[in-house]
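Report on one structure; see the data block that follows.
2 protein chains.
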Amino acid sequence: MKITSTNPATGDTRALEIDETTPQQVNDAARDARRALDALGARPLTWRVELLRAMADELVHDASQLVSIAGDETALPEARLRGELARTAFQLRFFADVVADGSFLAASIDEATESPMGPLPDLRRVRVPVGPVAVFGSSNFPFAFSVPGGDTASALAAGCPVLIKAHPAHPATSAATFAALSRAAARLGAPEHTLSLVFGLEAGGALVDAPEVAAVGFTGSPGVGQALWARANARPTPIAFYGELGSANPLVVTEGAANERAAEIGVGAAASFTLGAGQFCTKPGLLFVPAGSSGDELVRALAAELESSGSFTMLSSGIADNFRRGALGFEHEGHATLLYGGALGEGARTSARLFEVDATRFAAEAALRAECFGPAAIVVRYASSEQLRTALLAAEPALTFTAHLGDDDPDARWLLELGAERAGRVLVNGYPTGVGVSWSMHHGGPWPSTTAPWATSVGAAAIERWLRPVTFQSVPDELLPPALRSANPLSIPRRVNGRIELPS
Amino acid sequence: MKITSTNPATGDTRALEIDETTPQQVNDAARDARRALDALGARPLTWRVELLRAMADELVHDASQLVSIAGDETALPEARLRGELARTAFQLRFFADVVADGSFLAASIDEATESPMGPLPDLRRVRVPVGPVAVFGSSNFPFAFSVPGGDTASALAAGCPVLIKAHPAHPATSAATFAALSRAAARLGAPEHTLSLVFGLEAGGALVDAPEVAAVGFTGSPGVGQALWARANARPTPIAFYGELGSANPLVVTEGAANERAAEIGVGAAASFTLGAGQFCTKPGLLFVPAGSSGDELVRALAAELESSGSFTMLSSGIADNFRRGALGFEHEGHATLLYGGALGEGARTSARLFEVDATRFAAEAALRAECFGPAAIVVRYASSEQLRTALLAAEPALTFTAHLGDDDPDARWLLELGAERAGRVLVNGYPTGVGVSWSMHHGGPWPSTTAPWATSVGAAAIERWLRPVTFQSVPDELLPPALRSANPLSIPRRVNGRIELPS
Numbered sequence: 002m003k004i005t006s007t008n009p010a011t012g013d014t015r016a017l018e019i020d021e022t023t024p025q026q027v028n029d030a031a032r033d034a035r036r037a038l039d040a041l042g043a044r045p046l047t048w049r050v051e052l053l054r055a056m057a058d059e060l061v062h063d064a065s066q067l068v069s070i071a072g073d074e075t076a077l078p079e080a081r082l083r084g085e086l087a088r089t090a091f092q093l094r095f096f097a098d099v100v101a102d103g104s105f106l107a108a109s110i111d112e113a114t115e116s117p118m119g120p121l122p123d124l125r126r127v128r129v130p131v132g133p134v135a136v137f138g139s140s141n142f143p144f145a146f147s148v149p150g151g152d153t154a155s156a157l158a159a160g161c162p163v164l165i166k167a168h169p170a171h172p173a174t175s176a177a178t179f180a181a182l183s184r185a186a187a188r189l190g191a192p193e194h195t196l197s198l199v200f201g202l203e204a205g206g207a208l209v210d211a212p213e214v215a216a217v218g219f220t221g222s223p224g225v226g227q228a229l230w231a232r233a234n235a236r237p238t239p240i241a242f243y244g245e246l247g248s249a250n251p252l253v254v255t256e257g258a259a260n261e262r263a264a265e266i267g268v269g270a271a272a273s274f275t276l277g278a279g280q281f282c283t284k285p286g287l288l289f290v291p292a293g294s295s296g297d298e299l300v301r302a303l304a305a306e307l308e309s310s311g312s313f314t315m316l317s318s319g320i321a322d323n324f325r326r327g328a329l330g331f332e333h334e335g336h337a338t339l340l341y342g343g344a345l346g347e348g349a350r351t352s353a354r355l356f357e358v359d360a361t362r363f364a365a366e367a368a369l370r371a372e373c374f375g376p377a378a379i380v381v382r383y384a385s386s387e388q389l390r391t392a393l394l395a396a397e398p399a400l401t402f403t404a405h406l407g408d409d410d411p412d413a414r415w416l417l418e419l420g421a422e423r424a425g426r427v428l429v430n431g432y433p434t435g436v437g438v439s440w441s442m443h444h445g446g447p448w449p450s451t452t453a454p455w456a457t458s459v460g461a462a463a464i465e466r467w468l469r470p471v472t473f474q475s476v477p478d479e480l481l482p483p484a485l486r487s488a489n490p491l492s493i494p495r496r497v498n499g500r501i502e503l504p505s
Numbered sequence: 002m003k004i005t006s007t008n009p010a011t012g013d014t015r016a017l018e019i020d021e022t023t024p025q026q027v028n029d030a031a032r033d034a035r036r037a038l039d040a041l042g043a044r045p046l047t048w049r050v051e052l053l054r055a056m057a058d059e060l061v062h063d064a065s066q067l068v069s070i071a072g073d074e075t076a077l078p079e080a081r082l083r084g085e086l087a088r089t090a091f092q093l094r095f096f097a098d099v100v101a102d103g104s105f106l107a108a109s110i111d112e113a114t115e116s117p118m119g120p121l122p123d124l125r126r127v128r129v130p131v132g133p134v135a136v137f138g139s140s141n142f143p144f145a146f147s148v149p150g151g152d153t154a155s156a157l158a159a160g161c162p163v164l165i166k167a168h169p170a171h172p173a174t175s176a177a178t179f180a181a182l183s184r185a186a187a188r189l190g191a192p193e194h195t196l197s198l199v200f201g202l203e204a205g206g207a208l209v210d211a212p213e214v215a216a217v218g219f220t221g222s223p224g225v226g227q228a229l230w231a232r233a234n235a236r237p238t239p240i241a242f243y244g245e246l247g248s249a250n251p252l253v254v255t256e257g258a259a260n261e262r263a264a265e266i267g268v269g270a271a272a273s274f275t276l277g278a279g280q281f282c283t284k285p286g287l288l289f290v291p292a293g294s295s296g297d298e299l300v301r302a303l304a305a306e307l308e309s310s311g312s313f314t315m316l317s318s319g320i321a322d323n324f325r326r327g328a329l330g331f332e333h334e335g336h337a338t339l340l341y342g343g344a345l346g347e348g349a350r351t352s353a354r355l356f357e358v359d360a361t362r363f364a365a366e367a368a369l370r371a372e373c374f375g376p377a378a379i380v381v382r383y384a385s386s387e388q389l390r391t392a393l394l395a396a397e398p399a400l401t402f403t404a405h406l407g408d409d410d411p412d413a414r415w416l417l418e419l420g421a422e423r424a425g426r427v428l429v430n431g432y433p434t435g436v437g438v439s440w441s442m443h444h445g446g447p448w449p450s451t452t453a454p455w456a457t458s459v460g461a462a463a464i465e466r467w468l469r470p471v472t473f474q475s476v477p478d479e480l481l482p483p484a485l486r487s488a489n490p491l492s493i494p495r496r497v498n499g500r501i502e503l504p505s
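From first to last, the protein sequence lines are chains A and B. Basically the working numbering = 1-based index in the first sequence + 1. Basically the working numbering = 1-based index in the second sequence + 1.
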């Protein structure tokens, strides 16, 4: 069957010259990828650095064409897509820097020694690529979390071949970005089958099952993510499944903050939860606002800002249907009060919705806790720190936790402690939409926001998901991986006899 | 019901003054441990260092008593138990050093900056304790992998309260070592419920289910380990389960090595696979030996060495029953030839058994691949490198892979590459029994030897299992965890703006 591409703005659907990948083809691709793993292992790290940079260059080269194709498939504005593509290229170059740095190998050498336990042999540890990695990109970032996105970049940086499942909401974008990456791979003489692209629902399942696939990176909905996580665990040989499943991210405004700058925060929160039609896994979906007059002022500013937000075209009519269902659920099952609601729309069109509920009801009402992907938020009004704490503990753990604090705020400390317990990123006086690609970023969080709370899908540490340590004991220098040879030919940071040694 | 303790050497069973822990008591203990987590978080790292050292001191103080109790319950010789206790104390002190070093926090600071993507906010990442940790110790190491063992030491080092399931094969040892650790905790003024001990099969299941338990460390058999792993995944909130399940560890003797030192390797291999009655998860259970005369000589030396090995008392009669079943299975289902076999024995008594099979049959015979816990090994005779490779790929992935190489060995490179793919530790010209506690040790391996191939249960990196990263964005300095404050008050290694900075 041919793969189809739909323009969410017009509803037009066209068949692409691409067939669904059969399970047999997926299995063959995984076997081919396994062979590429060995060939990649023979390349020096410097080559891997060049490959990632060449991929960035090819994306930049094709920028206008890619942005146009993605615009047709996602209805995302051109400026946003240009920015996202630039970020995607930046991310590939960033992972080239991570490879060049060499710390990701966690190389450690303990020379043979006497210990209180008797003689200890020469022990040297390094991380090795885990094997072929399957990548499932997201609907909402056709570049940065899709074919050329962070999972692909970090897996290639780790030395793993990548098998990518094209997202059904942007198959033409997937094919075009894959072509750009493949051109870079060919130019650099990469081993055959370093990259593969598969299409179709059945192919996705087959990818998780393929014996040669060693780990999965997934960005998407809790339903699909948890089902594939269970499938990865049900294999004869279970594999690691790194799913980033999104969350309803709490944003707390303290009494102090509301007293100081109610209107400013109201405007900022409205902009953040409607950014990109609210289609961010880090969207602040739960706004905890104090009861009383400064809280009222904040909510008025929030609602007023929405008046000018107009209507949105979501990524697909299916996603918009889910949004409408979720938003109606807040009202009808969760008994939240609608503060602002434009037309619910039809097809992929909709508009922002703002709800309000008091903290006691929120804590009691399970129907208000699910993420509603799209331009909706719930204002939770609290009358005391105790009410606030109870409501925050009733909310699901999340990717992010934001606190807007006043000067010398008495609630600051416990709020940040609670945030660090229940989220992967804790922000003060900011907005969680926007995830910087950097050494210190953690984009993850406790279950159910991810399936692996110790892992990140953004930032340098994302590479760690695709590696596994091996210790070499009493292995002659010339037979050791270069990272562990005594002369440090790769010039990387290592721990030697317990002390960190930096290359000069 | 009272817990019973059995002396495997005599078969005598006595009731201890200890009741089975009820599921309700387990739940209460987990809730108490959750409160201890917050209290532990308020203590400085220097206090944590002292706690671990005090625990080591208390174990050493009680050494004679502990060795005597453990000797009665395990039939392990006194010298071995004295050594194991010393190693256990060393391990606690080692994790004190790991805490003092501070690298385990993976602190990273990116100051606010302009990037090609626009302004990046101040981002600072640190690892935080994951929560209360459940520990299931092993039968074969009543100290080093039990109550005061590596899982407990590394979890406390990470700042996590620990709930320990006493092993049914050594409950009195569990209680006595727990008392020593608790004395240290009391002396240091540790928060109440930093440590808990539970008894009984049902309590073990309840521990994995308890909502406040955040991760599990397990050392034991594949059957129990995989069942508890599935249980951890079936929770409403699944948690990480780090199971070290053992393996039949391949040891390859190349043609070159056999030509050079057949007798020496034969003697060494016999000593390694019968050490501690073969009750090591790293026991070399599969000995790949070349066909031909030097291989014959090696096998003769191996068998001859066993003649003097006498009989063994295993850890329990149940473990000995499993050993007899496994050894008979190699003969009757796997059609291996018995080269040496003393009395199979009864109760906890048995003796060593050595089998032989050719590589082609081994590759075809699934019944020969399971670990047989105890003093048994299978010699696999190969006639070519191709036969050897096929047989090695038929064996299960393992904790260790050992190669005995000759001078300038033509098989060295591919053997070590295959070993690194299929095991967590690769040794040359040594024996895998004996796992050094050090910075560079990795004690883990691909499924089914562990449930989490990226994790180690021995060595400094074992602490990483009990931590999860959190990034703080634009958080004022005084509200940051000390590890992330600009002045570096903990004096720990950190990455700052992408560069590693070591404390002076």
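Cβ atoms here follow ideal geometry from the backbone N, Cα and C, with glycine treated the same way. Quick caveat: nothing in here was measured; it's all calculated off a predicted structure.
- B:Val476 is the residue among B:Ala158, B:Ala488, B:Leu276 and B:Val476 whose C-alpha sits nearest the C-alpha of B:Ala113.
- Counted as a single uninterrupted DSSP element, the beta strand (DSSP E) harbouring B:Leu339 occupies residues Thr338 to Gly342.
- A contact between stretches requires three or more CB pairs, one per stretch, nearer than 8 Å, and the stretch 130-146 of chain B meets this requirement with the stretch 219-231 of chain B.
- Straight-line measurement puts the Cα of A:Gly269 at about 44 Å from the Cα of B:Pro454.
- Distance from the CA of A:Val100 to the CA of A:Lys166, rounded to the nearest whole angstrom, comes to 25 Å.
- Going by DSSP, B:Ile70 is part of the alpha helix (DSSP H) stretching over Ala64 to Thr75.
- Residue ranges of uninterrupted beta strand (DSSP E) with 3 or more members, entirely inside the stretch 417-457 of chain A and ordered along the chain, are 424-429.
- Here the stretch 22-36 of chain B does not lie against the stretch 343-354 of chain B, with fewer than 3 beta-carbon pairs under 8 Å apart.
- Interface with chain B (8 Å Cβ-Cβ cutoff): A:Ala462 is included.
- The DSSP-derived three-state label of A:Ser317 is coil.
- With its beta carbon less than 8 Å from one in chain B, A:Thr238 belongs to the interface.
- The beta carbon of A:Asn260 lies closer than 8 Å to those of Ser295 and Gly407 in the same chain, with the five residues before and after it left out.
- Bridge partners of A:Pro251 according to DSSP: A:Leu287.
- Interface flag for B:Val134 against chain A is unset, since no Cβ pair is found closer than 8 Å.
- Under the 8 Å criterion on CB atoms, A:Met442 is classed as interfacial with respect to chain B.
- The residue from B:Ala258, B:Thr391, B:Thr351 and B:Thr22 with its alpha-carbon nearest to that of B:Leu198 is B:Thr22.
- With contact defined as three or more Cβ pairs closer than 8 Å, the stretch 2-21 of chain A and the stretch 347-364 of chain A are in contact.
- Only residues of its own chain outside the window of five on either side were considered, and among them Val134, Val136, Thr153, Ala156, Leu157 and Leu196 have a CB closer than 7 Å to the CB of B:Val163, listed in chain order.
- In this structure the stretch 81-97 of chain B does not lie against the stretch 295-313 of chain B, because fewer than three pairs of beta carbons, one per stretch, are closer than 8 Å.
- If you check the CB distance, B:His405 and B:Ala304 do not come in under 8 Å.
- B:Glu59 is not a Cβ neighbour of B:Leu189, given a cutoff of 8 Å.
- Ranked by Cα distance from A:Arg83, the options A:Ala64, A:Arg326 and A:Pro45 are led by A:Ala64.
- Burial state of B:Gly293 is exposed, judged by a 10 Å Cβ sphere holding fewer than 16 other Cβ atoms.
- Taking B:Asp478 as the centre and dropping the five residues before and after it, the same chain places the C-beta of Arg486 and Ser487 closer than 7 Å to its C-beta, in chain order.
- Residue-level contact check: B:Trp415 does not touch chain A, since none of the beta carbons of chain A fall below 8 Å from its beta carbon.
- In terms of beta-carbon proximity, A:Leu503 lines the interface with chain B, with at least one pair separated by less than 8 Å.
- With the criterion set as a beta carbon lying under 7 Å from some beta carbon of chain A, the members of the stretch 119-130 of chain B are Leu121, Pro122, Leu124, Arg125, Arg126 and Val129, in sequence order.
- Of all residues in the stretch 419-440 of chain A, only Ala421, Gly425, Arg426, Val427, Leu428, Val429, Asn430, Gly431, Gly437, Ser439 and Trp440 come within less than 7 Å of chain B when Cβ atoms are compared, listed by chain position.
- Between B:Ala249 and B:Leu307 a beta carbon distance of about 18 Å is seen, past the 8 Å cut, so the two are scored as non-contacting.
- The way I'd put it, the stretch 390-401 of chain A does touch the stretch 425-439 of chain A; three or more beta-carbon pairs between them come closer than 8 Å.
- Look at A:Phe356 here: in three-state DSSP terms it is strand.
- Chain B places no beta carbon closer than 8 Å to that of A:Phe96, leaving this residue out of the contacts.
- Residues of the stretch 462-477 of chain B with a C-beta atom less than 9 Å from some C-beta of chain A are Ala462, Glu465, Arg466, Leu468, Arg469, Pro470, Val471, Thr472, Phe473, Gln474, Ser475, Val476 and Pro477, listed in chain order.
- According to the DSSP secondary-structure assignment, B:Gly119 is paired through a beta bridge with B:Ser116.
- One Cα belongs to A:Ala55, the other to A:Gly72, and the distance between them is close to 24 Å.
- Under the Cβ criterion of 8 Å, B:Thr457 is counted among the residues facing chain A.
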